[in-house]
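Everything on this sheet refers to the single structure shown next.
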Amino acid sequence: MFNRILVPIDGSNTSLAALDQAIAMAKAFQSTVTVVYVIDPYPFTGVGPEFTYGQDQYQNAARAEGHAALEVATTRLKAAGVTPDTHVVEAHAIWRGIIETVTNTKADLVVMGSHGRRGLERLVLGSVTQSVLAHSTVDTLVVHPAPQAAKPAKG
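When the sequence shown is numbered by this note's numbering, its final residue is 164 and no position is left out of the sequence of numbers.
What follows is the structure in structure tokens.
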């Protein structure tokens with residue numbers, strides 16, 4: 010049914026849950042799985058020499074974080090018997106990088122996590138998942154975070 014599954018990850022537990030779902034689907038459909046970590050090279054703006062220094066530090070840290078997240082994904086894929094295909098890409102806006110990767114890999118399904126942000130937090134931070142849903146031309150499966158256990162009442 011699905012030949013090429015794309016899984017965007019950010020290192021969070023929710024994105025790893027999406028990866029696990031994609032692995033199960035890949036095994037059922039004999040699909041390939043591509044995992045992508047997208048870096049927005051311009052997440053903030055600034056002026057002057059301090060900005061350049063800060064930008065270089067950010068880029069290096071973001072690449073290291075991306076490679077670490079992909080290493081975790083590769084370990085999970087190999088343990089499940091699925092051949093890993095991983096990419097770190099840069100794009101202005103994370104969702105754009107995901108959509109570009111869908112096109113470049115000819116993916117026919119995106120499996121991604123949703124962090125479940127609501128209200129003001131969603132308004133301020135935006136939603137990568139919502140943007141992918143709005144712009145994707147392929148099916149997209151959204152994996153929601155596991156419900157949090159209720160905290161015991163103090164008293």
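Virtual Cβ for every residue (Gly too), placed ideally from N, Cα, C.
Q: Name, in chain order, the residues that DSSP records as bridge partners for P17.
A: V45
Q) Are the Cβ atoms of E109 and A100 separated by less than 8 Å? A) yes
Q: Give every residue of the same chain whose Cβ lies closer than 8 Å to the Cβ of A70, excluding the five residues on either side of it in the sequence, and list them in chain order.
A: none
(Q) Check this for me: beta carbons of G20 and A78, under 8 Å apart or not? (A) yes
Q. Using DSSP with H/G/I as helix, E/B as strand and the rest coil, what is V111?
A. helix
Q | Backbone secondary structure at R153 - three-state DSSP | A | According to the sequence displayed, residue 153 carries His and not Arg. Of the three classes helix, strand and coil, the one that applies to H153 here is coil, per DSSP.
Q.
Can you give me the C-alpha to C-alpha distance between P17 and V152, rounded to a whole angstrom?
A. 12 Å
Q: Starting from M121, follow its DSSP beta bridges and name the residues at the other end.
A: V151
**Q.** Nearest to D49 (by Cα), restricted to the options V97, G90, F38 and T146
**A.** V97
Q) Is V137 helix, strand or coil when you go by DSSP? A) helix
(Q) Just to confirm my understanding: we take I32, look at its own chain, exclude 5 residues before and 5 after, and list those with CB closer than 6 Å. What are they? (A) A89 and V91
Q) Which residue's Cα is closest to the Cα of H124: N113, L118, T114 and S136? A) S136
Q.
At the level of alpha carbons, what is the spacing between R13 and D94?
A. 11 Å
Q | T95, DSSP secondary structure in three states | A | strand
Q.
Tell me the DSSP secondary structure of M10 in three-state form.
A. coil
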